[in-house]
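Residue numbers (the numbering used here): 15 to 439. Glycine is no exception: its CB is placed at the ideal position from the N, C-alpha and C atoms. Single-structure report; data block below.
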């Protein structure tokens, strides 16, 4: 009976995460159309995208603090209500500010889902945390794949982005119904007897702070690239959205087969492997052209595949005293970093476009130009040059991570050797 309850809670969690990922996939697919419909430039689109990443860490950090007090079930009720409100406001958006606030609400809902479900999965599977977190998080890229396919289908059927967003209501209503009927266990920290003092000391430890800083870079490498790939790589393919679908499809498959890889390499080894492939893949994406870009997307997808769940799994396994707060600080830090980076890169991208336009050109004039005009052609060429330059700047992050995770592998081997020596005594 307990296994049945555990499995129901796990699958309901996966469905809630599916709604979170659909919001990313659908928004990534409709960014260009939002810019056209509401006459928004890349800076404004970047601000709207970043808003989801603001709400996410806010909800995760607050949720991490209060989840042990109010319980995981109440947090998920809050997520359900915010998802409903954010989706409805997006459907009836009238311009920049309604898109801004609706995206903020969805971001808060998304963060609340992870604030409850990450510690829930760790609690349900205490002996298999990293693997199960990979299984859980495969629904994030899985939802992005579904979302981008929904966008492609609806565009081909000449259906508006409002209907694309409305499809998110279906899984939202289902996960709200499922969670309302299930009983939840206490969090692992509470059941293990770690105090609140232990939790706060753990999140101030050097190892946790190191992982938090690395989370900034792993999250940006994965999520910023995924969200902006359609805007940045128009120069290499007319099917830039398919690149996102391919990348996330690889992530689904990789996370589904995480168990033997995690067992063989350990979480820290998986992270080093991921950083190497992410750096190679991002370099390829920024330099390859034509059909070879799809191979680059394959390599990049392998690279970022294990980043998010394995970062959280490492903390759950090696710093268990940090509890739900530790897991949620990790996720919140990642999303916060992406929000700042996305806002910065929106302006940086606009600046690169202006740099590649004729001297003295004003971006607004070229953005408003009709298709087929010399201004429109010049703008398109400027975007073709600017996009890969943004990716080349981002490439610095996985290169830093290769060094950082090499150090982590060495440290964890040394720590394990010391533990074995102490046990032998």
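* Cβ neighbours of residue 15 in the same chain (closer than 8 Å, five flanking residues each side left out) -> Working through the chain shown from its first residue, we reach residue 15 at position 1. Bear in mind that a pLDDT of 43 at residue 15, under 50, signals an unreliable position, so the number given afterwards is only what the model happens to contain. Taken in chain order, the list of residues that qualify is empty.
* Quick one, which of 196, 315, 288, 414 has its alpha-carbon nearest residue 155's? -> As a working note, residue 155 is residue 141 in the chain shown. Closest by alpha carbon: 315.
* On the premise that residue 129 lies in contact with residue 73, defined as a C-beta separation below 8 Å, what is that separation, rounded to the nearest angstrom? -> In the chain shown, residue 73 corresponds to position 59, counting from 1. In the chain shown, residue 129 corresponds to position 115, counting from 1. That pair is a contact at about 6 Å.
* Asked: What's the call for residue 234, buried or exposed, on a 16-neighbour Cβ count within 10 Å?
  -> Taking the chain shown and counting its residues from 1, the one referred to as residue 234 is at position 220. Here residue 234 is buried. Its C-beta has 16 or more other C-beta atoms within 10 Å.
* How would you call residue 108, buried or exposed, if buried means at least 16 neighbouring beta carbons within 10 angstroms? -> If you number the chain shown from 1, residue 108 lands on position 94. Exposed, because fewer than 16 other Cβ atoms sit within 10 Å of the Cβ of residue 108.
* To do: Evaluate contact between the stretch 316 to 327 and the stretch 288 to 301, counting only Cβ atoms and requiring at least three cross-stretch pairs below 8 Å.
  => Judged by Cβ distances under 8 Å, the stretch 316 to 327 makes contact with the stretch 288 to 301, as three or more pairs qualify.
* To do: Write down the C-beta distance between residue 41 and residue 151 rounded to the nearest angstrom, noting that I regard them as a contact closer than 8 Å.
  => Counted from its first residue, the chain shown places residue 41 at position 27. Counted from its first residue, the chain shown places residue 151 at position 137. Rounded to the nearest angstrom, the Cβ distance from residue 41 to residue 151 is 19 Å, too far for a contact under 8 Å.
* Terminal residues of the continuous alpha helix (DSSP H) containing residue 274? -> The sequence position of residue 274 within the chain shown is 260, counting from 1. Annotation: the continuous alpha helix (DSSP H) that includes residue 274 extends over 272 to 301.
* Cβ separation of residue 12 and residue 31, assumed to be a contact under 8 Å, to the nearest whole Å -> Not covered by the structure: residue 12. The range shown for the chain is 15 to 439.
* Is the distance from the Cβ of residue 68 to the Cβ of residue 118 below 8 Å? -> Indexing the chain shown from 1 puts residue 68 at position 54. Indexing the chain shown from 1 puts residue 118 at position 104. Yes.
* **Contact between the stretch 84 to 95 and the stretch 56 to 65 (3+ Cβ pairs under 8 Å)** => Contact between the stretch 84 to 95 and the stretch 56 to 65 is absent: fewer than 3 CB-CB pairs across the two stretches fall below 8 Å.
* Asked: With 16 other CB atoms within 10 Å as the buried threshold, where does residue 111 fall?
  -> For the purposes of this step, residue 111 is taken as the residue at position 97 of the chain shown. Residue 111 comes out exposed.
* Asked: How is the alpha helix (DSSP H) around residue 161 delimited, first residue to last?
  -> Sequence index remark: in the chain shown, residue 161 carries index 147 (1-based). Boundaries of the alpha helix (DSSP H) harbouring residue 161: 153 to 170, taken from the DSSP string.
* Sorted by chain position, which residues of the same chain lie with C-beta nearer than 6 Å to residue 349's C-beta, five sequence neighbours on each side aside? -> The residue given as residue 349 occupies position 335 in the chain shown. So the list reads 67, 70, 71, once near-sequence residues are dropped.
* **Three-state secondary structure (DSSP) of residue 141** => Along the chain shown, one-based indexing puts residue 141 at 127. Looking at residue 141 - three-state DSSP - the assignment turns out to be coil, as it is neither helix nor strand.
* Best match in 22, 331, 180 for proximity to residue 141 [C-alpha to C-alpha] -> Here residue 141 refers to the residue found at position 127 of the chain shown. When the alpha-carbon of residue 141 is set against those of 22, 331, 180, the nearest one is in 331.
* residue 429 - DSSP class collapsed to helix/strand/coil -> Taking the first residue of the chain shown as position 1, residue 429 is located at position 415. If DSSP states are grouped into helix, strand and coil, residue 429 belongs with the helices.
* **Endpoints, the alpha helix (DSSP H) within which residue 228 is located** => For the purposes of this step, residue 228 is identified with residue 214 of the chain shown, where counting begins at 1. Element bounds for residue 228: 220 to 233.
* Asked: In this structure, does DSSP put residue 203 in helix, strand or coil?
  -> Working through the chain shown from its first residue, we reach residue 203 at position 189. Three-state DSSP puts residue 203 in a helix.
* Asked: Using DSSP with H/G/I as helix, E/B as strand and the rest coil, what is residue 15?
  -> Indexing the chain shown from 1 puts residue 15 at position 1. At residue 15 the pLDDT is 43, less than 50, meaning the model places this residue with poor confidence and gives no usable figure here.
* Using the beta-carbon count (16 or more within 10 Å), is residue 437 buried or exposed? -> The residue given as residue 437 occupies position 423 in the chain shown. Exposed, since its Cβ has fewer than 16 Cβ neighbours within 10 Å.
* To do: Can you grab the Cα-Cα spacing for the pair residue 312 / residue 210, in whole Å?
  => In the chain shown, the residue the question calls residue 312 occupies position 298. In the chain shown, the residue the question calls residue 210 occupies position 196. Cα-Cα distance, rounded: 43 Å.
* Asked: If we count the other Cβ atoms within 10 Å of its Cβ and call it buried at 16 or more, is residue 223 buried or exposed?
  -> By 1-based counting over the chain shown, the position of residue 223 is 209. Counting of Cβ neighbours within 10 angstroms places residue 223 among the exposed residues, the total staying below 16.
* Would you report the Cα separation of residue 219 and residue 195, rounded to the nearest angstrom? -> In the chain shown, the residue the question calls residue 219 occupies position 205. In the chain shown, the residue the question calls residue 195 occupies position 181. About 38 Å.
* Inter-residue Cα distance where the pair is residue 192 and residue 26 -> Your numbering for residue 192 matches position 178 in the chain shown. Your numbering for residue 26 matches position 12 in the chain shown. Here the alpha carbon of residue 192 sits roughly 6 Å from the alpha carbon of residue 26.
* Can you give the beta carbon distance from residue 213 to residue 335, rounded, assuming they're within the 8 Å contact cut? -> Position 199 of the chain shown, counted from the first residue, corresponds to residue 213. Position 321 of the chain shown, counted from the first residue, corresponds to residue 335. Indeed they touch by this definition, with Cβ atoms about 6 Å apart.
* Asked: Leaving out the 5 sequence neighbours to the left and right, which residues in its chain are closer than 6 Å to residue 272 when beta-carbon positions are compared?
  -> As a first step, residue 272 must be located in the chain shown, where it is residue number 258. Cβ-Cβ distances below 6 Å link residue 272 to 145, 148 in the same chain, with the five nearest sequence neighbours on each side left out; the list follows chain order.
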